[in-house]
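Novice: Below are the structure tokens for one structure; questions will follow.
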Amino acid sequence: MGVRAPEPPAAPPFAKASAFLARFTAWRELLRLGSLTQCLERVLAETHYESLLLAEPRGSGRVANVRRLLDLARQFDPYQRQGLHRFLQFIAAQEEAELDHAPAPAPTDNAVRLMSIHQSKGLEFPVVVVAGLGTMFNERDLRGDILLDEEFGLCPMVSPPGRERRYASLPHWLARRRGRRELLGEELRLLYVALTRARDTLLLVGTASGRDVVEKWRGPAAALNDLALLKARRPLDWLRLWLPGVTRDEDWRGDVSGRNELLSWDFYTADDERLRREGRDSVEPSNERSEASASSMSGKDATREESRFARASSVGRWGSIESHPAGDLERLRAKLDWFYPHTPATHELAKTSVTVLRRRAAEADEEAGHWFRPRGVVAPRVRGGLTATQVGLAHHAFLQGVDIGRTATALDLRNEAARLTDAGVLTERESAALDFAALLDFWESPVGKQVRENERSVQREVPFTARFTVAELAAMGLMGSQKSEVRSQEPGQRSLAGGGISAGSHEGAFSLPRRRGKGDRRPDEGWGSPTPTPVTPHPSPLPSSDEGRGSPGAEFVIVQGVADLVVFGAREIWLLDYKTDHFDAAELPAKVREHGPQLTLYALALERIYGKKVTRTWLHFLALGRTELL
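Residue numbers for the sequence shown follow my numbering, so the first one is 939 and each next one is one higher.
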């Protein structure tokens, strides 16, 4: 009775990583002292990478690609200046020199390879198909208004003053003429390469259009002179010049085909009956073979095989579809009539921001563009040569970075602006454009004083990521047509838009790392509150039925946003958002309705993340000097 030796325990991940780093360090040292080829060969030998590739599908081709890389590395070794960047430049230079490398050939004879004519140079194949001979030559570079010629230099078109039409100047005409001759010469050389790649059989395929196509091919042979060659627009034109010279009238079988000792040819139209007949002939034998082989298959395999060949037969016999069983036709109709059952859900965003939602609801936030600008007056530039947008952004940057404990007086605010300028937060022009009177009005207001009193619990620019259903966003007026208004509330009142949304329901939310400005404090340093750790959300389960999951209202959207200022208390949260819109006092209720949904979403997201009620939500309009409690 034999006893099997226990398998050695697997190395822990740390040991594997340490071993790899040691080998990697040795490879780098070898590359520093030796050549790129030596390093690659050692890496391949120590890792047995080629053996690994041979064990995978199409391993021979992958190994050939690795060896091709080694060949390029050997060509790169003699260069004095090494490095990855230089090696990549070397590869790019190879491509620019039209030495583009196809995937290296795998050592097999029974394969079909697709390659360009450039890549076929020096190779030979039993059968070669040259397709696309009806494609026109690319003369786009010769149609420019200005051509660059080695002899004539810059060759522009002539544009007479006061006229729209232009014509070619003599240098332009000469440059275009010589450029086309060079282009056709290169195309003719490529055609020669393509025609000489076949060992046994060469198939030339091209498409032509126009009247009397066949008559042109069967007409009398034309002289193969330079003028005739230069008139060609495609390789097929050269073959048309050549074919009458190697055929006789007795070689033709009618007007559409022919054959002689050298070659055979066929002409097809788009609706040629021979193509349909050949398609049927290629399908019917396969169907017969399927019937013969089905008896040797298992029941399931035979059914699958018969179904596959039945579909192929239906394509070949398009006119006899009525002869198929009714069950096949019903399955075909069901497939053709099928549509994605959750199409409405594909029309909703999967991840978005509050700004995008507001734009989608046709309520674009143009606050930065209206900074202190009278309604109806176009004033693109304001203080210090800055645009209105730049001034608005400067005020937001100042409010983000200001030390809240130093906002009691106008002098304090100016000193803070100087500090932020020295720190690179603001530029000199932005600092000069700040409206310190409007900023001081805010910090002297009751809301500003409450924020200063709880300075140690303040966080600014608080980013969040939260999950909302489409129905919730629509109820808040941020998505869809089910937009609801957020009415302006009296001081002391707060309302969540939509009415039916529970602020305490955890649909799912999580927070992101935030940026702290100077003056921000940890929330546990004020109100006696602990650090506001995001709570673990309890997302409501997704609908289990297809109907519920596909309905737009049941789908959820990931929303990201940034709250301007948040005060975290022990059991509550205050939320403040600055707005720089410029408007008349009579428009204040409309502005509150406009920005209310955004603040509603912010409040609901913070409640879900931190598990605390947002008891106060303020909107402060700097230009008007008003703070509204929602």
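Note that beta-carbon positions come from the ideal geometry of N, C-alpha and C, so glycine has one too.
1) Which value, in whole angstroms, describes the spacing of the CA atoms of Ala993 and Ala1002?
2) To the nearest angstrom, report how far apart Ala1283 and Phe1277 are at their CA atoms.
3) Whole angstroms is fine: what's the gap from His1558's alpha carbon to Phe1380's?
4) In whole angstroms, what separates the C-alpha of Glu1393 from that of Val1495?
5) Could you give the C-beta distance for Lys1390 and Thr1347, rounded to a whole number, given that I count them as a contact under 8 Å?
6) My output table needs one value for His1558: the three-state DSSP class, helix, strand or coil.
7) Assess contact between the segment 1123-1142 and the segment 1055-1071, defined as three or more Cβ pairs (one per stretch) separated by less than 8 Å. Is contact present?
8) Counting beta carbon pairs with one atom in the segment 1533-1548 and one in the segment 1360-1373, are three or more of them shorter than 8 Å?
9) Alpha carbon to alpha carbon, what distance is there between Tyr1540 and Ala1300?
10) Which residues in the same chain as Arg1352 place their Cβ atom closer than 7 Å to its Cβ, once the five residues preceding and following it in sequence are excluded?
11) If contacts are defined as beta-carbon pairs under 8 Å, then Leu1080 and Arg1135 qualify, I think. What distance do you get, rounded to the angstrom?
12) How long is the line joining the alpha carbons of Thr1565 and Ile1511, rounded to whole angstroms?
13) Tell me whether Tyr1589 sits in a helix, a strand or coil according to DSSP, three-state version.
14) Return the CA-CA distance between Val1340 and Ala955, expressed in angstroms with no decimal places.
15) Which ranges does the alpha helix (DSSP H) cover as unbroken runs of at least 4 residues, wholly within the segment 1119-1171, from first to last along the chain?
16) Contact between the segment 1163-1179 and the segment 1085-1100: three or more CB pairs below 8 Å?
17) Between the Cα of Val1066 and the Cα atoms of Ser1097, Leu1141 and Gly1117, which residue gives the shortest distance?
18) Can you tell me whether DSSP reads Asp1079 as helix, strand or coil?
19) Please state if the CB of Lys1529 and the CB of Asp1519 are separated by a distance shorter than 8 Å.
20) Determine the extent of the alpha helix (DSSP H) in which Tyr1017 is found, giving its start and end residues.
21) With DSSP run on the structure shown, which of helix, strand or coil describes Phe1402?
22) What do you reckon, are the CB atoms on Ala1355 and Leu1364 nearer than 8 Å?
23) Just the C-alpha distance for Ala953 and Arg961, rounded to the nearest angstrom, thanks.
24) Identify whether Ser1058 lies in helix, strand or coil by the three-state DSSP scheme.
25) Assuming Phe1063 and Arg996 form a contact by the criterion Cβ under 8 Å, report the distance between their Cβ atoms to the nearest whole angstrom.
26) For Met1095, which residues does DSSP report across the bridge?
27) Grouping DSSP H, G and I as helix and E and B as strand, with all else coil, what is Phe962?
28) Count the CB pairs spanning the segment 1502-1509 and the segment 1403-1412 that are closer than 8 Å, and state whether there are at least three.
29) Looking at the strands, I want to know which residues DSSP matches up with Gln1397.
30) Where do the ends of the beta strand (DSSP E) carrying Arg1566 lie?
31) Identify whether Ala953 lies in helix, strand or coil by the three-state DSSP scheme.
32) Can you tell me whether Leu1568 is buried or exposed? The criterion is at least 16 other CB atoms within 10 Å of its CB, across all chains shown.
33) For the alpha helix (DSSP H) holding Thr1281, just list the boundary residues, first then last.
34) Among Asp1175, Ala1524, Leu1542 and Leu1526, whose alpha-carbon lies nearest the alpha-carbon of Leu1513?
35) Which value, in whole angstroms, describes the spacing of the CA atoms of Ala1361 and Gly1343?
Specialist: The structure says:
1) 14 Å
2) 13 Å
3) 8 Å
4) 34 Å
5) Before going on, a small fix: residue 1390 reads as Arg here, not Lys. With a Cβ gap of about 12 Å, Arg1390 and Thr1347 do not count as contacting.
6) In the structure shown, His1558 sits in a strand (DSSP, three-state: E or B).
7) Taking a cut-off of 8 Å on C-beta distances, the segment 1123-1142 touches the segment 1055-1071, as three or more cross pairs fall below it.
8) The count of Cβ pairs closer than 8 Å, one atom from the segment 1360-1373 and one from the segment 1533-1548, stays below three, leaving the stretches out of contact.
9) Unreliable placement is indicated for Ala1300, whose pLDDT of 46 sits below 50; no coordinate value is reported for it.
10) The residues are Phe1374.
11) The Cβ separation is near 29 Å, so there is no contact.
12) C-alpha separation (whole angstroms): 17 Å.
13) Coverage of the chain is limited to positions 939 through 1568, which leaves residue 1589 absent and any answer about it impossible.
14) 46 Å
15) Look at the segment 1119-1171 and you find these whole runs of alpha helix (DSSP H), each 4 residues long or longer: 1151-1156 and 1164-1168.
16) no
17) Leu1141
18) DSSP, read as helix, strand or coil, puts Asp1079 in helix.
19) yes
20) The continuous stretches of alpha helix (DSSP H) do not include Tyr1017, and DSSP gives it neither H nor E.
21) strand
22) With a cutoff of 8 Å on beta-carbon distance, Ala1355 and Leu1364 are scored as near each other.
23) 12 Å
24) helix
25) Not really, about 20 Å apart at Cβ, beyond 8 Å.
26) The partner list for Met1095 (beta bridge, DSSP) reads Ala1106.
27) helix
28) no
29) Val1504
30) Residue 1566 is actually Glu in this sequence, not Arg. Where Glu1566 is concerned, the enclosing beta strand (DSSP E) stretches over Arg1564 to Leu1567.
31) helix
32) buried
33) Thr1281 to Thr1284
34) Leu1542
35) 18 Å
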